[in-house]
Structure formats: structure tokens, C-alpha cells
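Just below is one structure, and these are the notes that go with it.
There are 2 protein chains.
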Amino acid sequence: MAWELDSDRPIYTQLVERIQVQIISGYYPPGGKLPSVRDLAAVAAVNPNTMQKAFAELEREGLIVTQRTNGRTVTEDETLLKGIRMQMAREKVDVFVQTLKELGFSQQEILSLIQDVIEGEGKNE
Amino acid sequence: MAWELDSDRPIYTQLVERIQVQIISGYYPPGGKLPSVRDLAAVAAVNPNTMQKAFAELEREGLIVTQRTNGRTVTEDETLLKGIRMQMAREKVDVFVQTLKELGFSQQEILSLIQDVIEGEGKNE
DNA sequence: ATTGTTGTACTAACCACATAATACAATAAA
DNA sequence: TTTATTGTATTATGTGGTTAGTACAACAAT
Numbered sequence: 159m160a161w162e163l164d165s166d167r168p169i170y171t172q173l174v175e176r177i178q179v180q181i182i183s184g185y186y187p188p189g190g191k192l193p194s195v196r197d198l199a200a201v202a203a204v205n206p207n208t209m210q211k212a213f214a215e216l217e218r219e220g221l222i223v224t225q226r227t228n229g230r231t232v233t234e235d236e237t238l239l240k241g242i243r244m245q246m247a248r249e250k251v252d253v254f255v256q257t258l259k260e261l262g263f264s265q266q267e268i269l270s271l272i273q274d275v276i277e278g279e280g281k282n283e
Numbered sequence: 159m160a161w162e163l164d165s166d167r168p169i170y171t172q173l174v175e176r177i178q179v180q181i182i183s184g185y186y187p188p189g190g191k192l193p194s195v196r197d198l199a200a201v202a203a204v205n206p207n208t209m210q211k212a213f214a215e216l217e218r219e220g221l222i223v224t225q226r227t228n229g230r231t232v233t234e235d236e237t238l239l240k241g242i243r244m245q246m247a248r249e250k251v252d253v254f255v256q257t258l259k260e261l262g263f264s265q266q267e268i269l270s271l272i273q274d275v276i277e278g279e280g281k282n283e
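Protein sequence lines correspond, in order, to chains W and V. The first sequence: position 16 = 174 (this note's numbering), numbered continuously. The second sequence: position 89 = 247 (this note's numbering), numbered continuously.
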């Protein structure tokens with residue numbers, strides 16, 4: 159399936175975030191090989207240049223390593239991966255809680271909304 | 159203070175979201191008058207054209223009403239406002255929970271993270 | 001009546017993003 | 001050695017967002 163991309167934000171940014179999650183979640187394990195620029199661009203249905211830009215950003219963050227003519231691999235630094243995982247989670251939580259508070263929801267109401275979603279999904283899994 | 163705007167997304171979209179929250183939270187009460195395009199553009203430090211575009215979108219959604227030569231007011235349809243409030247909240251919750259699950263957090267872990275933030279903030283308020 | 005404020009429309013210019021189409025060097029695979 | 005694949009770089013083109021500047025009609029305030 160082609161990746162779900164929002165036209166409201168730069169595509170390369172969305173590619174970065176998606177691949178970040180795939181790495182953090184273990185879909186691409188530490189030390190594992192990543193698809194080539196061309197292949198992954200084809201899968202995502204974007205231009206190779208755009209995927210190249212996303213990979214460059216991921217490399218700048220240290221999540222992936224480039225071997226000049228033999229593709230790319232996920233970093234083997236699992237400490238870094240775990241750190242980024244927690245960092246991403248905390249940022250999502252902070253933004254979420256702040257946003258809901260701005261909408262006028264109390265702490266208890268926020269927790270209730272979360273539990274509603276979790277219990278609702280529980281019936282399907 | 160100038161509004162905090164992210165260069166990663168269209169400014170007018172961020173203006174829409176910010177004003178939405180201000181309306182939903184009651185900062186601009188139902189039936190209340192909104193600043194003029196030029197004034198609010200000056201406050202936010204953006205071009206009047208951009209603010210105009212944001213207002214046009216808000217009007218399309220029904221949140222605000224335009225009086226041709228006498229400014230704009232927030233809709234008096236409080237049922238609509240409450241509906242949008244819940245709609246926004248549920249979407250935020252859904253996206254949040256899904257994102258955290260993709261990062262490999264369990265339901266209990268998600269709840270714990272939320273409680274950490276809430277309790278942490280409690281000490282400052 | 002005059003002045004000021006309102007929403008609105010228009011053009012020009014700039015820039016970032018995205019795509020398309022090539023091209024090249026390095027190296028793995030055959 | 002030859003071929004294919006890799007990352008990478010380049011140029012050109014199109015699109016959308018943003019700003020700047022200007023202008024106009026409608027109406028409130030004076």
C-alpha cells in the first residue's frame with residue numbers, strides 16, 4: 159500500500175517521522191539493512207530525491223548509518239534508540255495534555271477520554 | 159507577544175487552529191466580536207492576506223460570522239461549538255493513543271505517562 | 001458630507017517543496 | 001572483467017504558501 163501522506167506538511171518530514179517510528183518500534187531492527195533510496199521511494203510513491211532528503215535527515219540524527227555503495231543500516235546503538243523512544247513519547251504526551259487543557263478539559267476528563275478509547279479498542283483485539 | 163508559529167506547516171493553518179482553540183475555550187465568547195483582519199495580523203506578526211485566509215476557513219466551518227463592513231463575530235450556535243469541541247478532543251485522543259501504540263507502549267504505560275505529566279504539573283498550579 | 005475602518009480583491013515577487021530526468025563514482029555480484 | 005546496484009549530485013520545471021503593495025466598496029463615526 160502507498161503511504162498515507164498529508165498534503166498539509168512537507169512530504170520529506172512525514173517520511174522522516176514514519177521511518178523513525180518504524181525504527182523505534184523494531185520494524186527495522188538495530189543493525190538491520192534498510193531498503194535502497196529508489197526502492198523505498200517506489201514503495202512510498204514519492205520521488206527518490208524526496209526519500210533521499212528524508213534519509214539524510216535520519217542520518218543526521220544518528221538513527222541510520224550509510225555505507226557509501228552498499229546501502230544503509232539502522233544504528234546498533236540501542237541506548238540511543240531507547241532514548242529517542244522515550245523522548246518522542248514524552249513530547250507527544252506533553253503536547254497532548256496541553257492541547258486538551260486548552261480545550262477546557264480537566265485532568266480527570268482527559269484520563270476518562272483515554273480510557274474510553276483504550277476500552278473501545280480492547281473489544282477489537 | 160507574537161504567536162508561536164512553526165515553519166514546518168502553513169501559517170494560515172496554524173492560525174486557524176489557534177483561533178479555533180481560542181473560540182472553543184471561550185477566549186472569544188459566542189456572539190463576541192473578533193479583532194479585525196489587520197489588527198489580528200499585526201498581533202500575530204503575519205501578513206493581513208494570511209490572516210484573511212485563516213478567517214475565510216473559519217467562516218467556512220461556521221465558527222465565525224462576517225458582517226460585511228462591521229467586522230466578524232463568533233457564532234452564537236453553542237451547540238455547534240460544543241460539538242466541535244468534542245470532535246477535536248476525540249481526534250486528538252485517537253491520534254495520540256495510536257501514535258504511542260506504534261511506539262510500542264501498552265495501554266497501562268500510556269496511562270502512566272499521562273498521570274506522570276498531570277501529577278508533575280499539579281505541583282506548579 | 002467627510003473621515004476612518006471594515007472586508008475583500010488583485011498583482012508581483014520570492015522561496016521551499018516536490019517531481020522529472022540524467023549523470024557519475026564506488027562497489028557488490030555475476 | 002562485466003554488470004547491476006548503491007548513494008549522490010545536478011538542472012529544470014511546476015506548485016503552493018507568504019509577503020508586499022495597492023485598490024475598492026460598504027458602512028460607522030464624526
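Glycine included, each C-beta is placed from N, C-alpha and C at the ideal position.
C-beta neighbour in chain V for residue i, strict 8 Å
i	result
Leu258 (chain W)	yes
Val195 (chain W)	no
Ser286 (chain W)	Outside the displayed span of chain W (159 to 283) sits residue 286 (chain W), for which this structure offers no information.
Pro168 (chain W)	yes
Ile181 (chain W)	no
Val174 (chain W)	no
Three-state class that DSSP yields for residue i in the structure shown
i	result
Val223 (chain V)	strand
Asn207 (chain V)	helix
Asn282 (chain W)	Per-residue confidence for Asn282 (chain W) stands at a pLDDT of 49, beneath the threshold of 50, marking its modelled position as unreliable; no derived number is given.
Tyr186 (chain V)	coil
Ser270 (chain V)	helix
Leu198 (chain V)	helix
Glu162 (chain V)	coil
Phe213 (chain W)	helix
Phe263 (chain V)	coil
Arg248 (chain V)	helix
Arg176 (chain W)	helix
Residue i - partner residues in DSSP beta bridges
i	result
Val232 (chain W)	W:Ile222
Lys240 (chain V)	For Lys240 (chain V), which the question treats as bridged, DSSP gives no partner whatsoever.
Lys191 (chain V)	V:Thr231
Residue-chain proximity (residue i, chain W), Cβ-Cβ < 8 Å
i	result
Gly190 (chain V)	no
Thr171 (chain V)	yes
Leu198 (chain V)	no
Ser270 (chain V)	no
Ile177 (chain V)	no
Contact belief for residue i with residue j at Cβ below 8 Å, rounded distance in angstroms
i	j	result
Val174 (chain V)	Leu216 (chain V)	6 Å
Leu261 (chain V)	Ala247 (chain W)	6 Å
Thr208 (chain W)	Ile169 (chain W)	6 Å
Pro187 (chain V)	Val195 (chain V)	In fact, because the Cβ distance is near 20 Å, the residues do not count as touching under 8 Å.
Residue i: CB within 7 Å of a non-hydrogen atom of the ligand ATP
i	result
Gly241 (chain W)	The ligand ATP is not among the ligands present in this structure, which contains no ligands whatsoever.
Q. If contact means a Cβ-Cβ distance below 7 Å, which residues of the stretch 202–234 of chain W contact chain V?
A. none
Q | Chain-ordered residues of the stretch 238–252 of chain V with a beta carbon less than 8 Å from chain W | A | Arg243, Met246, Ala247, Arg248, Lys250, Val251, Asp252
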